[in-house]
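In order, the protein sequence lines correspond to chains A and B.
Letter by letter, the first sequence follows residues 55 to 558 in my numbering.
Letter by letter, the second sequence follows residues 55 to 558 in my numbering.
By construction, the Cβ of each residue, glycine as well, lies at the ideal position given by its N, Cα and C atoms.
Remember, it's a predicted structure, so these values are computed and weren't measured experimentally.
2 protein chains.
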Amino acid sequence: MLEKVDLKQKMSKEDFRKKGEALKAQLTTLDGPIKTAGLPVIILFEGWEGAGKGSIISRLIKNFDPRWFTMVNTLPPTPEEMREPMMWRHWKTIPEAGSMAIYDRSWYQEVSTLRIQQKVDDLTNIRHMNEINNFERGLADNGYVIIKFFLHISKKEQRARMDALKKDKDTKWRVSEADEKTNKEYDTYYNAYEQMLEYTNTVYAPWHVISGMDERACAYEVFDVVADTIQKALKVKKDREEAAKHEASLINPGQYHFLPMPKLAEIKLDKTMSEETYRKQLKKEQKRLAQLHNRIYKEKIPVIIAYEGWDAAGKGGNIKRVSEALDPRGYEVLPIASPSKEEKNRHFLWRFWTRLPKDGHFAIFDRTWYGRVMVERIEGFCTTADWQRAYGEINDFERQLYDWGAIILKFWIHIDSEEQLRRFTDRQNTPAKQWKITDEDWRNREKWPQYEEAVDDMLKYTTTDFAPWHVILGNDKKYARIQTLKIINDTIEERLNSARKRKR
Amino acid sequence: MLEKVDLKQKMSKEDFRKKGEALKAQLTTLDGPIKTAGLPVIILFEGWEGAGKGSIISRLIKNFDPRWFTMVNTLPPTPEEMREPMMWRHWKTIPEAGSMAIYDRSWYQEVSTLRIQQKVDDLTNIRHMNEINNFERGLADNGYVIIKFFLHISKKEQRARMDALKKDKDTKWRVSEADEKTNKEYDTYYNAYEQMLEYTNTVYAPWHVISGMDERACAYEVFDVVADTIQKALKVKKDREEAAKHEASLINPGQYHFLPMPKLAEIKLDKTMSEETYRKQLKKEQKRLAQLHNRIYKEKIPVIIAYEGWDAAGKGGNIKRVSEALDPRGYEVLPIASPSKEEKNRHFLWRFWTRLPKDGHFAIFDRTWYGRVMVERIEGFCTTADWQRAYGEINDFERQLYDWGAIILKFWIHIDSEEQLRRFTDRQNTPAKQWKITDEDWRNREKWPQYEEAVDDMLKYTTTDFAPWHVILGNDKKYARIQTLKIINDTIEERLNSARKRKR
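Structural data, given as structure tokens:
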């Protein structure tokens, strides 16, 4: 894509003033419509060192109210960030609906300059680019506009600009050794950029490769693309919302291998356990888990445990039996309530991405990202297309966690409707437990059939070989706790004895 | 305080089971009342390496539902954290109302082990301890319960425990070189601990220094203190809320030197500026600011600019003229809306502490922490005692920023009531501006006299010599912009030419 760029284009000051005037006026008045429409906008700048990203960004943002957009200045990852999946630090930065984030460098750092500096092998690099494409498609599907610029300059021009900076004592600190290297090894970088641009030039997030040789011509083109893309996106958003009302959509859980699962109605809940067996087994399995935690910590494997289940299924007590076996310095229990306003205004996975554990740590989610295909589906908090698309989005998400090296354990704590009624009634009648039961619990109970259908779909479309669901037989809490602990221990042990290594 | 601890206390297994039973039952049922009362609880553990913090914490949290508390494992600060004020990373961790945070090490790391390891001088250390006392008093005043444990063991016992760990290949990695040093230099650490305990043993957050020699005796005492303190706090909270309804309170802005300020009514708003002068001055001052930003960046000075002002006073346009002179990689504009639920559930300064700039960066706040003494005061979003106490809390906050090395600039953009009416009407009548004016703006306008009183109080009680207010004459926007830019530039220049150095 780079060779197609006309590096000779120029624009006179006068021309820029004349032609730019109307464009600037368009840009200045975009904030109202974007806010009103609730459109989230991502504008990112990549390109050669010295191509003028800083100046172009300065020129661009002069058209915007500074209170309305955020600047994201992407640096190489810190040691803490290196302990998380590659996209973790970028997920944290995405803007909310009705606002704009402008990126000076972005996730493309990992598949261009950092790729070369850290000598990332080709296969890993392709996985990284796939993760980026996944990320951008997910954002686009969820209504984000993504505008990507790559500023291109020639080797000679880059050399000249660096020399100019180095001449001035106030600016010479700006030229780092790494920068010098991009000039010396221009061809290597050129190839890496070209590969990156080709591979990530998608329909939902196309690249705009622009010459950075002449600042005015460059700025003009950037203004033009931004104004044009956003105006189109505002229109598309309206059309889409209209279409969503009629559209028949299809479930597409992605190209994964799915394990067969029974329907909830077919599952027998007759297992029980005596108090004595429970005490003994609990002690044994907790001790086993404590020892495994030590090894998990040493080998820096992240463990993600997802709990879902009927209200009053006993998630709390179950989680407690797991967590109390763990070193308190190495785990976190994350109760997931209904999303806050700032969470609702972003991609639905944002609040989970930002809560991932460090490697070597456990994260235990009490309710999870599966809310999208359960409560949000049933209560109509998202569109049909949204929850139907979510199976695939969730599988992609879990695949990234798996590739990062995580052990993913998903538990559906199952009880039957009669057992739930017994427990609700018990809570209602016990003063110390009353605060645990609300009207909403009773309302949800009335929707048992809808939830059953949703859970059946969930088990069907998201039981992958790398992140399978386990149905826990919850009518007897004791049995359920031991079953859960055993699955956790067996899975961790198996993984520790396998050859699979942590990737990033 | 350490010499008073009886290191010989012991408790038999049987005794612990018998006496502990009732205590455990108390602890287990604390979650309901704490949640219902909305009490935020902080429990922190400090003490000698090897004193058994981990084991005691494990025992303690077995009594709690893991979904309801968070564990904070405090490590030494990262390089990123070292670029912020000392308390920044700790502010981020405070729990919200109705929940509990348990700290394995805490802010006391900075004034004990880190103090010794990093050879912090005595004066700085006292400043650090003052910051901690301020922090804890602020939390306590805002309804937090703070329970602090220090686990004490003898030099001999510490040696024996380290040796035991080192014998086992699975645990020997737990004894670091730094740990060894605390044993070798036991006396040095003893003195540092003693000083820390004495200085920070306050009425609102007293220390519980407990022997760690016998695990059961230690656990029993910890359980006892936690159950007792929380039960008392629940009672105190009720009493306080009752008292707050009647109590006459007093404004106490703290022991600072306040500069004299005029009342708003005394300020003349007759200054104007011609378009031509404006253009010239704007260019000149923006250029000056751009150059100063370079030096700010190199000297790693943080700059905090706080904008307050009447609705439609022109804050947005004013901020724009400042921000467009800055390198977009080095500043952030932070619009402050009404607090979210999770923000409301914490100390009112939490959302500002967590948004501080990195050193060398600008943070421009569009509306600020002064909301506490304006909108929250006027709308009754906090109690009278709350906003009256806030002047002192805010001065303490700004003093910490100043001590960290920050330049603090506070602008009140002033217009008169007639000018506001003109601008409101203009917005109402211009289609492209209509989204900027809401019913709330009109409602606020009716409260002009109450706001004027609140602003006069604010200027009187928070114009300190280290963070003074500047009243900007806003009836002519052009004049106001230039006035602001000049104050910013002059202040920065003065600071760059002064001898004051960044502290931490």
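| Check | Outcome |
| --- | --- |
| 7 Å CB neighbourhood of Tyr310 (chain A) in its chain, flanking five on each side removed | Asn449 and Thr518 |
| Touch test, the segment 253-262 of chain B against the segment 184-198 of chain B, Cβ-Cβ under 8 Å, three pairs minimum | yes |
| Min CB distance Arg383 (chain B) to chain A below 7 Å | yes |
| Backbone CA spacing between Trp227 (chain B) and Asn348 (chain A) [nearest angstrom] | 11 Å |
| Within 7 Å of chain A by C-beta, residues of the segment 478-502 of chain B in sequence order | Ala486 and Trp489 |
| Partners in chain B for Met136 (chain A), counting only beta-carbon separations shorter than 9 Å | None at all; the shortest Cβ gap to chain B is about 12 Å. |
| Backbone CA spacing between Asn306 (chain B) and Trp142 (chain A) [nearest angstrom] | 45 Å |
| Sheet register partners of Tyr385 (chain B) (DSSP bridge) | B:Phe416 |
| Interface flag, Asp158 (chain B) vs chain A, CB-CB below 7 Å | yes |
| Cβ pair count under 8 Å reaching 3, the segment 444-462 of chain A against the segment 388-398 of chain A | no |
| 7 Å Cβ cut-off: residues of chain A touching Val586 (chain B) | Residue 586 (chain B) lies beyond the residue range present for chain B, which begins at 55 and ends at 558; the question has no answer from this structure. |
| Cα-Cα separation, Gly104 (chain B) to Arg426 (chain A) | 46 Å |
| Partners in chain B for Ile373 (chain A), counting only beta-carbon separations shorter than 7 Å | Pro120 and Arg121 |
| Chain A residues whose Cβ lies nearer than 7 Å to that of Lys116 (chain B) | Glu378 |
| Beta-carbon spacing of Asp480 (chain A), Arg137 (chain A) below 7 Å | no |
| Selection of the segment 218-244 of chain B by Cβ proximity to chain A, strictly under 7 Å | Asp224 |
| Distance between Val525 (chain B) and Ile148 (chain A) (C-alpha atoms, nearest Å) | 36 Å |
| Runs of alpha helix (DSSP H) wholly within the segment 212-238 of chain A (minimum 4 residues, chain order) | 231-238 |
| Where Ser160 (chain A) sits in the DSSP three-state scheme | coil |
| Proximal residues of chain A, C-beta to C-beta of Lys89 (chain B) below 8 Å | Trp489 |
| Nearest neighbour of Thr570 (chain B), chosen from B:Ala553, B:Lys220 and B:Trp466 [CA to CA] | In the structure displayed, chain B extends from 55 to 558; residue 570 (chain B) sits before or after that span and is not available. |
| is_contact[Ser112 (chain A), chain B] using C-beta, thresh 7 Å | yes |
| Residues of the segment 317-348 of chain A whose Cβ lies closer than 7 Å to any Cβ of chain B, in chain order | Asn348 |
| Whether His513 (chain A) touches Trp523 (chain A) by CB criterion (7 Å) | Before going further, note that residue 513 (chain A) is Leu rather than His in the sequence given. Contact: yes. |
| Own chain, CB closer than 8 Å to Tyr240 (chain B), minus 5 neighbours either side, in chain order | Lys209 and Gln212 |
| Test item: CB-CB of Val174 (chain B) and Ala155 (chain B) under 7 Å | no |
| Candidates B:Ala79, B:Asn179, B:Asp544 and B:Thr90, of which the one nearest Gln488 (chain A) by Cα | B:Thr90 |
| Best match in B:Ala79, B:Lys116 and B:Lys531 for proximity to Asp470 (chain B) [C-alpha to C-alpha] | B:Lys531 |
| Residues from the segment 420-431 of chain A in contact with chain B, defined by Cβ distance under 8 Å | Asp420 |
| Proximal chain A residues relative to Gly370 (chain B), where beta-carbon distance stays under 7 Å | Asp119 and Arg121 |
| Contact belief for Val165 (chain A) with Met250 (chain A) at Cβ below 8 Å, rounded distance in angstroms | 5 Å |
| Limits of the unbroken beta strand (DSSP E) element including Ala360 (chain A) | Val357 to Gly363 |
| Residue-level contact to chain B via CB, Met125 (chain A), 7 Å cutoff | yes |
| Beta carbon proximity, Gly86 (chain A) to chain B, threshold 7 Å | yes |
| Residue of B:Ser112, B:Val229 and B:Gly108 minimising C-alpha distance to Lys374 (chain A) | B:Ser112 |
| Reference Asn245 (chain B); option with closest CA among B:Arg215, B:Gln454, B:Thr331 and B:Met55 | B:Met55 |
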